[in-house]
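Enquirer: Position 405 (the sequence shown) corresponds to 410 in the numbering used here; numbering is contiguous.
In this text, a Cβ means the ideal position worked out from N, Cα and C, and glycines have one as well.
The structure presented is a predicted model; accordingly, all values stated were derived computationally and were not measured.
Could you have a look at this structure, given as structure tokens, before my questions?
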Amino acid sequence: MWGWCRRLVLSWQLASKKSWLSYMALLSLVLVFIVSSFDGLPALVASPLSSSSSAPLPLNQSFTDLVHAYKQWDARLGCEEYRQKWQKESPINPSLQNPSIVSCSSLKQKHVTVRVKEWTWLPDNLQNLHSCECGLTCMWTTSEVLADNPDVLVFESATPPRQRRTGEPLRAYIDLEAGRKRTGFEDIFISYHAGDHVQATYAGASFHIHRSYATSSIKRNDILVYWSSSRCLQSRDSVAKELLSYLPHHSFGKCLNNVGGQGSLRNMYPDCTKSYGDNSYWAYHLHCAMSHYKFVLAIENTRTESYVTEKLFYALDAGAIPIYFGAPNVGDLVPPNSIIDGSKFKSLESLAAYIKKVAADPVLYAGYHAWRRCGVIGNYHQTRAVSLDSLPCRLCALASKSGGKSASSVS
Numbered sequence: 006m007w008g009w010c011r012r013l014v015l016s017w018q019l020a021s022k023k024s025w026l027s028y029m030a031l032l033s034l035v036l037v038f039i040v041s042s043f044d045g046l047p048a049l050v051a052s053p054l055s056s057s058s059s060a061p062l063p064l065n066q067s068f069t070d071l072v073h074a075y076k077q078w079d080a081r082l083g084c085e086e087y088r089q090k091w092q093k094e095s096p097i098n099p100s101l102q103n104p105s106i107v108s109c110s111s112l113k114q115k116h117v118t119v120r121v122k123e124w125t126w127l128p129d130n131l132q133n134l135h136s137c138e139c140g141l142t143c144m145w146t147t148s149e150v151l152a153d154n155p156d157v158l159v160f161e162s163a164t165p166p167r168q169r170r171t172g173e174p175l176r177a178y179i180d181l182e183a184g185r186k187r188t189g190f191e192d193i194f195i196s197y198h199a200g201d202h203v204q205a206t207y208a209g210a211s212f213h214i215h216r217s218y219a220t221s222s223i224k225r226n227d228i229l230v231y232w233s234s235s236r237c238l239q240s241r242d243s244v245a246k247e248l249l250s251y252l253p254h255h256s257f258g259k260c261l262n263n264v265g266g267q268g269s270l271r272n273m274y275p276d277c278t279k280s281y282g283d284n285s286y287w288a289y290h291l292h293c294a295m296s297h298y299k300f301v302l303a304i305e306n307t308r309t310e311s312y313v314t315e316k317l318f319y320a321l322d323a324g325a326i327p328i329y330f331g332a333p334n335v336g337d338l339v340p341p342n343s344i345i346d347g348s349k350f351k352s353l354e355s356l357a358a359y360i361k362k363v364a365a366d367p368v369l370y371a372g373y374h375a376w377r378r379c380g381v382i383g384n385y386h387q388t389r390a391v392s393l394d395s396l397p398c399r400l401c402a403l404a405s406k407s408g409g410k411s412a413s414s415v416s
């Protein structure tokens, strides 16, 4: 380039009629070319081979804007690469039942009536006349008026009758607790496990009906982890206490509380109540509060196969990354690359170090949300399909296949 510059100067010297103004213009042009040749300074004209839209965006070590993090992830990786890695033919998943619990041809009744006889927590919004697959209709109700001659009686808080004669309603018993136990008197057993008659996972919306749906796109950078637990089990608290000692966190429950009580949630995030009503019950705004944090700590009461509760699914619904301790087969029930499984780390300190790494890297963080943006949810569609939300239709289908009140047994 210097040779080219010398030729320009020589050309000017030979042109005796050039004015002083021409000299200055030529000198300015030479200086521009010299400056633009240095590394790290932009050229006057962008190269046609480069594209500003595909150029990597700089990493922001203190990012708070989740939507901007998505854009950085799109520029560096993108959905196509993600799909190639995760969108594979899913093998038969032993942790989940087929949502179509029976074939249409096996149905013996086109309408089944279910009366919930004894219950404590089953949500009222399940009470409805459900339109199910194969033209089956299912009445699920607690009302004796609407179901005076039911095909199935559901028991949740009480043991079913010890005896049942043919022609009497089938007895269904539901137990979604970790230690699920049959009573020995039910015809149909409902639990969270795929090995029982009817599976009902915690992934559905029925477990938290009364809630605000506000979510924040701005994540806190000073406090990384949300945790809330009011059943202070020693095994769970010991894990939480050590892990959270390494990380800035807020604990809203009774256990290890550091924010002054559950009511402080509403005061801390007035945007949640402003958008979705001034409901005084703190749990109504729980999802919205969670959405302000990059991570949510979810520790089950026990480490039991397939026992994955709302603690994890609430975090996914709120747009946070769950830090999970619980079911060893949790990967079968969640979207690909959507959680941080604490059991995979050699120590809680190394887990905390990884969490800090993810928190500081918008591209790495956004990768944990790619499943919801790229249309690759793996087995999660099945987890949702066999949740409590769809229990009425699946229970009615099994009862119909068995013959309802005329059934001698259920298989």
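Run the CB neighbour count on Pro-253, radius 10 Å, all protein chains shown included, and call it buried at 16 or more, exposed below.
Expert: Classification of Pro-253: exposed, given that the 10 Å Cβ count is below 16.
Enquirer: Look up Gln-204 in the DSSP assignment and give the residues it is bridged to.
Expert: DSSP output for Gln-204 lists Ser-196 as bridge partner(s).
Enquirer: Is the CB-CB distance between Tyr-75 and Arg-378 below 9 Å?
Expert: It is a contact, given that the beta carbons lie within the stated cut-off.
Enquirer: Apart from the five residues on each side of it in sequence, which residues of its chain come closer than 7 Å, Cβ to Cβ, to Lys-343?
Expert: The question names Lys, yet the displayed sequence has Ser at residue 343. Here the set comprises Leu-321, Tyr-373 and Trp-376.
Enquirer: So the alpha helix (DSSP H) Thr-388 belongs to, where does it begin and stop?
Expert: Per DSSP, Thr-388 belongs to the alpha helix (DSSP H) from 385 to 390.
Enquirer: With a cut-off of 8 Å, do at least 3 Cβ pairs link the stretch 379 to 396 to the stretch 323 to 343?
Expert: With a cut-off of 8 Å, the stretch 323 to 343 and the stretch 379 to 396 count as touching, because enough Cβ pairs lie within range.
Enquirer: Tell me whether the stretch 67 to 87 and the stretch 362 to 371 touch, counting them as touching only if at least three CB pairs, one residue from each stretch, are closer than 8 Å.
Expert: Counting Cβ pairs under 8 Å, three or more are found: they touch.
Enquirer: Quick check on the burial criterion: 16 or more other C-beta atoms within 10 angstroms. Buried or exposed for Val-150?
Expert: So Val-150 counts as exposed.
Enquirer: Looking at Ala-358 and Tyr-251, is the spacing between their C-beta atoms short of 9 Å?
Expert: Taking 9 Å as the Cβ cut-off, Tyr-251 and Ala-358 qualify as a contacting pair.
Enquirer: How many Å lie between Cys-139 and Cys-109 at the Cα?
Expert: About 5 Å.
Enquirer: With a Cβ-Cβ cutoff of 9 Å, do Leu-248 and Ile-328 count as a contact?
Expert: Closer than 9 Å, so yes.
Enquirer: Identify every residue that forms a DSSP beta bridge with Tyr-231.
Expert: His-255 and Val-301.
Enquirer: On the DSSP bridge list, what partners appear for Pro-327?
Expert: DSSP output for Pro-327 lists Val-301 as bridge partner(s).
Enquirer: Would you mind stating whether Ile-106 and Ala-412 have Cβ atoms separated by less than 9 Å?
Expert: No.
Enquirer: Spatial neighbours of Gln-102 within its chain, please: C-beta separation below 6 Å, excluding the five flanking residues on both sides.
Expert: For Gln-102, where only same-chain residues beyond five positions count, the Cβ hits under 6 Å are Ala-199, Gln-204 and Val-391.
Enquirer: Helix, strand or coil for Val-381 per DSSP?
Expert: Val-381: coil per DSSP, three-state reduction.
Enquirer: Using only CA atoms, which one of Leu-229, His-202 and Tyr-319 lies nearest to Leu-181?
Expert: That would be His-202, whose Cα lies nearest to the Cα of Leu-181.
Enquirer: With a threshold of 7 Å on Cβ separation, who are the neighbours of Ser-100 within its own chain once the five nearest residues in sequence on each side are excluded?
Expert: Ala-199, Ser-311, Asn-334, Asp-337 and Leu-338.
Enquirer: Could you pull out every residue in the same chain whose Cβ sits closer than 6 Å to the Cβ of Asn-263, ignoring the five residues on either side in sequence?
Expert: The answer, listed in chain order, is Ser-256.
Enquirer: Starting from Leu-369, trace the alpha helix (DSSP H) both ways and give me its first and last residue.
Expert: Leu-369 -> alpha helix (DSSP H) spans 367 to 372.
Enquirer: Where do the ends of the alpha helix (DSSP H) carrying Tyr-75 lie?
Expert: Run containing Tyr-75: 71 to 81, per the alpha helix (DSSP H) assignment.
Enquirer: CA-CA distance, Tyr-231 and Thr-314?
Expert: Cα to Cα, Tyr-231 sits roughly 17 Å from Thr-314.
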